[in-house]
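Report on the structure given below.
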Amino acid sequence: MLYNSTRGGETGRTASQAILEGLSRDGGLFMPEELPKLDKGLRELSGLSYQELAYEVMKEFLTDFTEEELRHCINSAYDSKFDTPAIAPLVKKDNAYFLELFHGKTIAFKDMALSILPYLMVTSARKNHVEDKIVILTATSGDTGKAAMAGFQDVPGTEIIVFYPKDGVSRFQELQMRTQQGDNTHVAAIIGNFDDAQTGVKQIFGDQNFAKELKEHGCVLSSANSINIGRLVPQVVYYVYAYCQMLAQGEITEGEEINVCVPTGNFGNILAAYFAKHMGVPIARLLCASNENRVLTDFFGSGTYDKNREFILTSSPSMDILVSSNLERLIYLSTGRNAEECRDLMQSLYTTGKYQITDAMKQFIADFYGGSATEEQVFATIRTLKDRTGYVIDPHTAVAKTVYDRYLAETGDARKTVIASTASPFKFAPAVMEALGQKDEKSDVFMVIDDLSRISGVSEPKAIQDVRTADIRHNTVCEIPKMENTIRDFLF
Ligand SMILES: *Cc1c(COP(=O)(O)O)cnc(C)c1O
């Protein structure tokens, strides 16, 4: 399996090369030359552990990894770092199946991919005789940064640098990042929003002079953002796993179609579901749920992607995004893998902030349904679900639940639906408490967490305890034009 850039500038990369490079040098994203199929039936796969299933899925994409290498990566990642042997349990509540993706080290779904990416990367470096230190450069809207640092902490031969928007993440997320341990971890708050951070990081990746300067210092840049194919591939696994769990538990019969509903920001998680569909999981519709930053909802409705609008800070900050990078991969597929057409659309996005797709492309993506939720609706959903079932969800997951409820009312589509549950409610305790009608003005976020624990009857995850007792280690603040300087300060 080889990988090509969505913009045509690079072709024929192996999986390990694509993982090392992260973003293609032409600014495009790496795509496998075809979407592979599972080589075993879902019934057979439903007897496997998460780790065994991960191997069956990932081996189809990462074909230049040996079985031993890949199993080593998988087994190192999905171990007791997760607080349940199921790794991604499926919980049936109300009218939906919540796929809990928050049982890793940082209690959000990005752990699913970022706990394995460092192993994939170190293995890829060895395979490609890379001697330089790998410098992971990441822009985060809150969760990626911490999850990436937790994954890369003290991994030999790597440094990790994280930029986050100073006022664009939750207090707890900021604490999580600023208390991060490890001699190779670096964090800076930028004065700007997430899109500024992401654009800044993309520009640094495209700066050839800076790359040369780094090389002179024995460093090479790579990305842990969800544009890295090494992030996307591990995420395909849990959609296959969800279907297998439903099959094993007798919730569905073999071949029965399901829907998935994904709270979406950068479009990585839902794209992984789309890949799972193409691998052979009977997924009918992909419900793309947005918060008040509803660029994607409008896009799926109209065929026009337009980021020229106000950027809104919501209670689901990891979805406060106006440029969903991974959408480029779907656009590329919808052009029939026409890199030139894809490049032109992305160029238009860069220069005018928008682009429009053709009717044929619209037809191609018709399996997607876009919906959005207001802050008020999100809070009502959290409260109603708790009242009805006792189950407490976080604001990101609640965006998805809101959109699913509306979809169900609109369409009456009776297919069973998996909702990607992307964060523990404890990670967003103040918003969740407010939603439950217990607005908590306590200035100490940990006291709010204690209150949530009492109200929900769920004890706090270990990840919370760890942050509670840790010292602040990172204090850097940086202006957007100074990002390269900050990197120099960190590395040289
Ligand atoms: C990152 C994140 C999302 C959005 O996922 P994408 O892959 O960027 O679409 C949703 N919820 C949480 C909690 C996240 O951390």
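The numbers in my numbering rise by one with no breaks, and the one at position 292 of the sequence shown is 396. Note that the Cβ used here is the ideal one computed from N, Cα and C, for glycine as well. Note that this is a predicted model, so its numbers are computed, not measured.
Check, Outcome
"Which runs of the alpha helix (DSSP H), 4 residues or longer, sit entirely within the segment 362-443?", "372-383, 399-406, 431-438"
"Take Asp-300 and list the residues in its own chain whose beta-carbon comes closer than 6 Å to its own, dropping the five residues that flank it on each side.", "Ile-584"
"How close, in whole Å, do the beta carbons of Ser-476 and Glu-361 come, if the pair is a contact with beta carbons under 8 Å?", "That pair is no contact at about 24 Å."
"Kindly examine ligand 1 and report whether one of its heavy atoms sits closer than 8 Å to the Cβ of Asp-247.", "yes"
"Per DSSP, what are the beta-bridge partners of His-290 in this structure?", "Ile-265"
"Is Met-281 close to ligand 1? I mean its beta-carbon at under 8 Å from any heavy atom of the ligand.", "no"
"If we count Cβ pairs, one from each stretch, closer than 8 Å, do we get three or more for the segment 337-346 versus the segment 140-158?", "yes"
"Is Val-366 near ligand 1, with its Cβ less than 8 Å from a heavy atom?", "yes"
"Could you check which residue in Lys-144, Asp-498, Val-226 has the C-alpha nearest to that of Cys-177?", "Val-226"
"Under 8 Å, with one C-beta from each stretch per pair, do the segment 364-381 and the segment 529-545 reach the 3-pair mark?", "no"
"Could you check the C-alpha separation between Thr-590 and Val-571 for me, to the nearest Å?", "25 Å"
"Return yes when the C-beta of Glu-383 is under 8 Å from any heavy atom of ligand 1, and no when it is not.", "Looking at the sequence shown, residue 383 is not Glu but Met. Result no, Cβ not under 8 Å from ligand 1."
"Closest to Thr-613 by CA distance: which of Leu-453, Gly-384, Gly-322, Pro-260 is it?", "With the chain covering only 105 through 596, there is no way to say anything about residue 613."
"For a test of your reading of the model: does the CB of Ala-122 fall under 8 Å from any non-hydrogen atom of ligand 1? Yes or no.", "no"
"Asn-313 to Glu-588, Cα distance in whole Å?", "11 Å"
"Could you give the distance in angstroms between the alpha-carbon of His-233 and the alpha-carbon of Phe-169?", "14 Å"
"According to DSSP, is Ala-229 part of a helix, a strand, or is it coil?", "helix"
"Could you tell me whether any Cβ in chain B is nearer than 9 Å to the Cβ of Ala-243?", "The question asks about chain B, but that chain is absent: this structure has only one protein chain."
"List in chain order: all unbroken alpha helix (DSSP H) runs of 4+ residues lying wholly within the segment 509-551.", "533-539"
"Hey, would you say Val-266 sits closer than 9 Å to Ala-252, going by beta carbons?", "yes"
"Evaluate the contact criterion for the segment 244-258 versus the segment 206-223: three or more CB pairs, one atom per stretch, below 8 Å.", "yes"
"Report the partner residues of Glu-204 according to the DSSP bridge assignment.", "Ser-525"
"Does the distance from the C-beta atom of Ile-559 to that of Gly-334 stay below 9 Å?", "no"
"Suppose you measure from the CA of Asn-179 to the CA of Asp-463; what does that come to, to the nearest Å?", "44 Å"
"So, using beta-carbon positions, are Ser-419 and Ala-539 closer together than 9 Å?", "yes"
"Could you compute how far the alpha carbon of Val-337 sits from the alpha carbon of Leu-139?", "11 Å"
"Apart from the five residues on each side of it in sequence, which residues of its chain come closer than 7 Å, Cβ to Cβ, to Gly-407?", "Gln-460, Ile-461, Lys-466"
"Taking 7 Å as the limit between beta carbons, can you name the residues of its chain near Tyr-409, skipping five residues before and five after?", "Val-399, Phe-403, Leu-453, Lys-458, Tyr-459"
"Quick check on the DSSP output: the alpha helix (DSSP H) that includes Met-162 runs from which residue to which?", "154-162"
"Closest by CA to Arg-510, which one among Phe-213, Cys-365, Asn-579?", "Cys-365"
"Name the one or two DSSP bridge partners that Ile-238 has.", "Thr-262, Val-324"
"Drop a sphere of 10 angstroms on the beta-carbon of Thr-573, count the other beta-carbons inside from all chains shown, and report buried for 16 or more, exposed for fewer.", "exposed"
"Do you know offhand how far Arg-492's Cα is from Met-423's?", "26 Å"
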